[in-house]
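S.K.: If you're matching positions, the sequence shown starts at 6 in this note's numbering and goes up one per residue.
Using N, Cα and C, we set each Cβ at its ideal position, and we do this for glycine too.
Small disclaimer: the values here were computed from a predicted structure and weren't measured.
A single structure is presented below for examination.
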Amino acid sequence: MPRFIATHRSTLLALPALLSLALFTVPVQPCGPQFPQAIFTYNVHPDMPLTAFAAGQPGIIEPEFARSYLVVAYRTLTKQPLNALEQKAAVRLWSARLNHGSDDTSWMEGASLSENESNDRDCPDGQLQCWLAARRTVSDVPDIKLDDLRVYRRISDQYYGQFRNCLPDAFRYARTTLQQRSERLGADDRAVRAWVLAQDRVFQNCSAAESIPPETGARDALLQADRQYQIASAYFYALRFQDAERHFRQIAADANSPHRLLARYLVARTLIRRASLQTEPG
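So this is what it looks like as structure tokens:
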């Protein structure tokens, strides 16, 4: 009898833990292909790490490899190996193609995020890294690490697919604008700090969270134009394309805005992005 009571009591004690596991769960997206045979070599891309392939260790070369791999293999076999800058460029390209939405490139031994950054001699580590370095020159702004800023976003909660929402040119343009405002006002100026904090909110929309910078209270016409551009960009990255289009059109029509020419292009890009993602009805 005492053993029955002890067992019953243990069951009752374990019941809350079991209920918590059942009630407080989070959705996951499983993906686990089970191949019917052992795979010893890849026929889509070379063996990991791809940094070794780019550095002149081709391993087994398959004719089915993408042309970018075959070009590197040809260079290696003809004793014309890639130099250090070309190796980084190649790995960035492969990273962007293979990463499928994940910003964790440690499996590629430090590969960067985008093929569009490959030929930037002023930013050999990529535009994202250069942007982070540039914002560190401004006083009294919280530090942001590379892992804190993700550039891929889910199409919607209904779809598994992701896409790169923030491209290298976004970080290049932000860095250039910051340098220009720092030269004009000084890196310690409150307005420059406010601009950086607003830009941080813009880039928060790259992945998931919606964060729209507020209107600025600055009287300076240039700072007002900057903020309008930041607001329009935040709407774009937040997938609020109607709002983004409206704001970009207003900027394009403002003869005093330094962003007016780029805004004309971004109107078209907004329309294309909206049509390609189809996140809004109609």
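Use the C-beta contact count for threonine 83: other C-beta atoms within 10 angstroms, 16 or more gives buried, fewer gives exposed.
M.R.: Threonine 83 should be labelled exposed.
S.K.: Contact check, valine 272 vs arginine 198 under 8 Å by CB: the rounded distance?
M.R.: Going by Cβ atoms, the distance from valine 272 to arginine 198 rounds to 30 Å, so no, they are not a contact pair.
S.K.: Could you pull out every residue in the same chain whose Cβ sits closer than 6 Å to the Cβ of alanine 352, ignoring the five residues on either side in sequence?
M.R.: There is no way to answer for residue 352, as the model of the chain reaches only from 6 to 287.
S.K.: Leaving out five residues on either side along the sequence, give the residues of the same chain with a beta carbon under 8 Å from the beta carbon of asparagine 261.
M.R.: Excluding residues within five positions, the ones whose Cβ falls inside 8 Å are Ala226, Ala230.
S.K.: Could you tell me the distance, in whole angstroms, from the CA atom of arginine 224 to the CA atom of leucine 276?
M.R.: Whole-angstrom Cα-Cα distance: 32 Å.
S.K.: Would you report the Cα separation of valine 49 and isoleucine 236, rounded to the nearest angstrom?
M.R.: Valine 49 and isoleucine 236: Cα-Cα distance of roughly 41 Å.
S.K.: Does the distance from the C-beta atom of valine 156 to that of alanine 179 stay below 9 Å?
M.R.: The answer is no: Cβ separation not under 9 Å.
S.K.: What number of angstroms, rounded off, separates the C-alpha of leucine 103 from the C-alpha of threonine 181?
M.R.: Going by the C-alpha atoms only, they are around 29 Å apart.
S.K.: Would you identify the three-state DSSP class for phenylalanine 70, choosing helix, strand or coil?
M.R.: The answer is coil: DSSP assigns phenylalanine 70 none of H, G, I, E or B.
S.K.: Is alanine 95 close to the ligand NAD? I mean its beta-carbon at under 8 Å from any heavy atom of the ligand.
M.R.: Among the components modelled here there is no ligand, and therefore nothing to report on the ligand NAD.
S.K.: Under 9 Å between the Cβ atoms of leucine 4 and phenylalanine 176?
M.R.: Limits of the chain in this structure are 6 at one end and 287 at the other, which puts residue 4 out of reach.
S.K.: Here's the rule I'm using: 16 or more other beta-carbon atoms within 10 Å means buried, otherwise exposed. How should glutamine 204 be labelled?
M.R.: Buried, since its Cβ has 16 or more Cβ neighbours within 10 Å.
S.K.: So, helix, strand or coil for glutamine 167, using DSSP?
M.R.: Here glutamine 167 sits in strand by DSSP.
S.K.: Please return the same chain residues whose Cβ sits closer than 6 Å to the Cβ of tryptophan 112, not counting the five positions on each side in sequence.
M.R.: Interpretation of tryptophan 112 is limited by its pLDDT of 42, a score under 50 that renders its predicted location unreliable; the figure taken from the coordinates is listed afterwards. Once the five neighbours on either side are set aside, tryptophan 112 has no close Cβ partner at all.
S.K.: Mark asparagine 210 as exposed unless 16 or more other C-beta atoms lie within 10 angstroms of its C-beta, in which case mark it buried.
M.R.: Answer is buried; the Cβ neighbour count reaches 16.
S.K.: Where DSSP assigns a beta bridge to tyrosine 157, which residues make up the other side?
M.R.: The partner list for tyrosine 157 (beta bridge, DSSP) reads Arg169.
S.K.: Once you ignore the five residues that flank alanine 192 on each side, which residues in its own chain have a CB closer than 7 Å to its CB?
M.R.: Here the set comprises Thr142, Val143, Ser144.
S.K.: Would you decide whether glutamate 215 is buried or exposed? Buried here means 16 or more other CB atoms lie within 10 Å of its CB.
M.R.: Classification for glutamate 215: exposed.
S.K.: Is the beta carbon of isoleucine 66 sitting closer than 9 Å to the one on leucine 75?
M.R.: Contact flag set, yes.
S.K.: Closest by CA to tyrosine 185, which one among Ala139, Ser212, Glu69?
M.R.: Per the sequence presented here, residue 185 reads as glutamine, with tyrosine not at that position. Here the closest residue by C-alpha is Ala139.
S.K.: Can you give me the start and stop residues for the alpha helix (DSSP H) that leucine 133 sits inside?
M.R.: Note, leucine 133: alpha helix (DSSP H), 132-140.
S.K.: 9 Å is my cut-off, CB to CB: does alanine 260 come that close to chain D?
M.R.: Of the protein chains in the structure, only one exists, and it is not chain D.
S.K.: Along the alpha helix (DSSP H) that carries aspartate 259, what are the first and last residues, could you check?
M.R.: Aspartate 259 -> no alpha helix (DSSP H), and no H or E assigned at all.
S.K.: Indicate the three-state DSSP secondary structure (helix, strand or coil) for leucine 244 in the structure shown.
M.R.: If DSSP states are grouped into helix, strand and coil, leucine 244 belongs with coil.
S.K.: Suppose contacts are defined by Cβ-Cβ distances below 9 Å. Is cysteine 171 in contact with tyrosine 242 by that definition?
M.R.: Yes, Cβ-Cβ distance for cysteine 171 and tyrosine 242 is below 9 Å.
S.K.: Between leucine 190 and the rest of its own chain, which residues show a CB-CB distance below 8 Å, the 5 nearest in sequence each way excluded?
M.R.: Closer than 8 Å at Cβ, skipping near neighbours: Ala196, Val197.
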